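Protein chains in written order, with the working numbering: chain Z, 570 to 907; chain Y, 46 to 328. Ideal Cβ positions, reconstructed from N, Cα and C, are used throughout, including at glycine. These numbers were taken from a predicted model, which means no experiment stands behind them. Heads up, the thing below is written out as structure tokens.
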């Protein structure tokens, strides 16, 4: 177990003026035992960042420090990390036992210790009866557990997860998410988890890094990221449906953007005038899509209301009141929080 | 519809049976000839049913005989020479192409592109084209009439290198990365992951290359002059005396049948693997 520091980490492909920079100076101090999720849309550089920590991508600038040791020039095997890949990357010709034991075998760990460690990991992951089978005889979820087992037996300082759940179906994903949380509680190993799925990010993270275009937009707990998004990007990326961002909000100043989450708008007697366009029923709640009539614009707004309270119809004019304490103001040009 | 597919099926079978007959009849004739005496075969209507001299002919062929128009060397020895050469060529080709494909796919080295194209270009230079210089080199090195002389010039193989290259390119990158994280160096990865994954391709190549090695004709014709280093294919040729010499066709035919057996066995035994290697995508 160890802390992990990223200091002004930069990734560039190519050299000179033609170089294509994909990571723009990421700084993060990660405590020992923390579970950190890196989240962002595809192409934002989150996987690249993870692979740089793993040692699979060269670091073009800055430093990566694992447990007080700068690892920039170390081979992946020497960095004391373990990685779980999106497509599992199990060796197809080896049994699951051999898959999990392979790293230890290369590290010349004595046979009985390998046996003991693999058995222990298999017990945690409930894989005991599958050890003598080959990966192709397993379901996706079981393969994912073998891949995690391979990571566990190495007893690394840091776990790296590269979108490990995206090849699983929705039900299994939720289940595996819980298992990963449980595993992290039991083992307490510092973990970096890359995903593009904000639900995974919110549920798993102790703290999360939100990335966009190679830049770290925000680094904080899920609560912080949700309640005080650092930029319009974070505001719109985290939360479903996304936060309403209004350039011409009633009462707003020129050059500012007002953000308000759909659940922080209440149907009331006073407030903004809204023409309802469509209504979606999601079981316990309704999403009302409308156009703002007041103010000087015609902007789309989403309101989330409880299912039983109101029954808005299309073309109806509603009045919605934003909760003052839940308003977010952003600079229109930079997108930063004001 | 049923009727139509029935006639179609009949037609298909007719064509297939015809094809098999065309291919199989000469083989059958060779077998018939090998069971008669030399005199019986040359009579005007050649017998079309097997005769009673099976053991005589085959033992004469296998273990040699005292006299004859052409070469009378024992075929058993030739089969051995053929077998050893074919095996050396096969395993040599597989080993070298595995390694060169590994280098081409997984390493960055200076002039990699050039190396790749050089290998590619050798596809256009079969043994026949470079046979003069090759003979010069082999004879200068004193390798005529030896297993080395029979096999070494035939080992390098662009085709097999390409086959493995194509296969290696389909191995997911994550597997390489997982191996790096597990601490496997390049050779370890080659030995523990790539070679086991290539098993089926290796098996398919084994079949192709064994037959290629066994059927070599032109090169051994040049590289061997002594009877005890003749591969069986050359042996057949040497048995046939030119001009008006009286050939022992029964023994020639018996040798031909014997020469066909090992490749046939290899194909039959390896058939399953062979097909798997060509179509399988187990990864």
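Compute the distance between the beta-carbons of residue 298 of chain Y and residue 69 of chain Y, then report whether it is under 8 angstroms.
The answer is no: Cβ separation not under 8 angstroms.
Could you check the C-alpha separation between residue 183 of chain Y and residue 189 of chain Y for me, to the nearest Å?
About 6 angstroms.
Short of 7 angstroms in beta carbon distance, which residues of its chain neighbour residue 808 of chain Z, apart from the five on each side in sequence? Order them along the chain.
Closer than 7 angstroms at Cβ, skipping near neighbours: 795, 830.
Does any residue of chain Y bring its CB to less than 8 angstroms from the CB of residue 661 of chain Z?
Chain Y, which has a Cβ nearer than 8 angstroms to the Cβ of residue 661 of chain Z, makes this yes.
Note down, in chain order, every chain Y residue with its Cβ under 7 angstroms from the Cβ of residue 645 of chain Z.
Chain Y residues near residue 645 of chain Z: 225, 226.
If you measure between the beta carbons of residue 139 of chain Y and residue 205 of chain Y, is that distance less than 8 angstroms?
Yes, the pair counts as a contact, with Cβ atoms nearer than the cut-off.
DSSP has residue 597 of chain Z in a bridge; who is on the other side?
DSSP lists Z/575 as partners of residue 597 of chain Z.
Output the boundary residues of the beta strand (DSSP E) element that contains residue 760 of chain Z.
Run containing residue 760 of chain Z: 759-764, per the beta strand (DSSP E) assignment.
Check whether the Cβ atoms of residue 887 of chain Z and residue 826 of chain Z lie closer than 8 angstroms to each other.
In this structure, residue 826 of chain Z does not lie closer than 8 angstroms to residue 887 of chain Z by Cβ.
Looking at residue 889 of chain Z: is its Cβ nearer than 8 angstroms to the Cβ of residue 837 of chain Z?
Result yes, Cβ atoms of residue 889 of chain Z and residue 837 of chain Z sit closer than 8 angstroms.
Could you give the distance in angstroms between the alpha-carbon of residue 261 of chain Y and the alpha-carbon of residue 172 of chain Y?
Their Cα atoms are separated by approximately 10 angstroms.
Could you tell me which residues DSSP pairs with residue 224 of chain Y in its beta bridges?
None, per the DSSP bridge assignment.
Just to check my reading of the structure: residue 854 of chain Z and residue 875 of chain Z have Cβ atoms closer than 8 angstroms, yes? What is that Cβ distance to the nearest angstrom?
Going by Cβ atoms, the distance from residue 854 of chain Z to residue 875 of chain Z rounds to 6 angstroms, so yes, they are a contact pair.
Against residue 618 of chain Z, what residues of chain Y qualify as contacts under a CB-to-CB distance less than 9 angstroms, listed in chain order?
Residues of chain Y passing the Cβ test: none, with the nearest at roughly 15 angstroms.
Taking the DSSP output, what are the residues bridged to residue 905 of chain Z?
Bridge partners of residue 905 of chain Z: Z/800.
For residue 194 of chain Y, which of helix, strand or coil comes out of DSSP?
Here residue 194 of chain Y sits in helix by DSSP.
Considering only residues of the same chain and omitting the five flanking positions on each side of residue 880 of chain Z, which have a CB-CB separation below 6 angstroms?
There are no such residues.
Here's the rule: buried if 16 or more other CB atoms are within 10 angstroms of the residue's CB, otherwise exposed. What is residue 731 of chain Z?
Answer is buried; the Cβ neighbour count reaches 16.
Ordered along the chain, which non-local residues of its own chain (more than five positions away) have a Cβ less than 6 angstroms from that of residue 723 of chain Z?
Closer than 6 angstroms at the Cβ level, and outside the excluded window around residue 723 of chain Z, lie 651, 672.
Start and end of the beta strand (DSSP E) containing residue 869 of chain Z?
Unbroken beta strand (DSSP E) run through residue 869 of chain Z: 869-875.
First and last residue of the alpha helix (DSSP H) that includes residue 817 of chain Z?
It is not in any alpha helix (DSSP H) - residue 817 of chain Z carries neither H nor E in the DSSP assignment.
Kindly confirm or deny that the stretch 591-602 of chain Z and the stretch 775-785 of chain Z touch, where touching means at least three C-beta pairs closer than 8 angstroms.
Output reads yes: the stretch 775-785 of chain Z touches the stretch 591-602 of chain Z.
Kindly indicate if chain Z contains any beta-carbon less than 8 angstroms away from that of residue 238 of chain Y.
Interface residue, yes.
Which of the three DSSP states is assigned to residue 840 of chain Z in this structure?
Strand, per DSSP.
Which class does residue 847 of chain Z belong to by DSSP, given the choice of helix, strand or coil?
Here residue 847 of chain Z sits in strand by DSSP.
At what residues does the alpha helix (DSSP H) containing residue 753 of chain Z begin and finish?
Element bounds for residue 753 of chain Z: 739-756.
Can you have a look at residue 738 of chain Z and say buried or exposed, based on whether 16 or more other CB atoms are within 10 angstroms of its CB?
Label assigned to residue 738 of chain Z: exposed.
Using a Cβ cut-off of 8 angstroms (strictly closer), state whether residue 153 of chain Y contacts chain Z.
No - not a single Cβ of chain Z is within 8 angstroms of the one on residue 153 of chain Y.
Leaving out five residues before and five after residue 322 of chain Y in sequence, what residues of the same chain have Cβ atoms less than 6 angstroms from its Cβ?
Excluding sequence neighbours, residue 322 of chain Y sits near 245, 246, 248, 249.
I'd like the span of the alpha helix (DSSP H) that includes residue 736 of chain Z, first residue to last.
Taken as a continuous stretch (DSSP letters only), residue 736 of chain Z belongs to no alpha helix (DSSP H), as it is neither H nor E.
The alpha helix (DSSP H) that contains residue 163 of chain Y, what's its start and end?
Per DSSP, residue 163 of chain Y belongs to the alpha helix (DSSP H) from 157-167.
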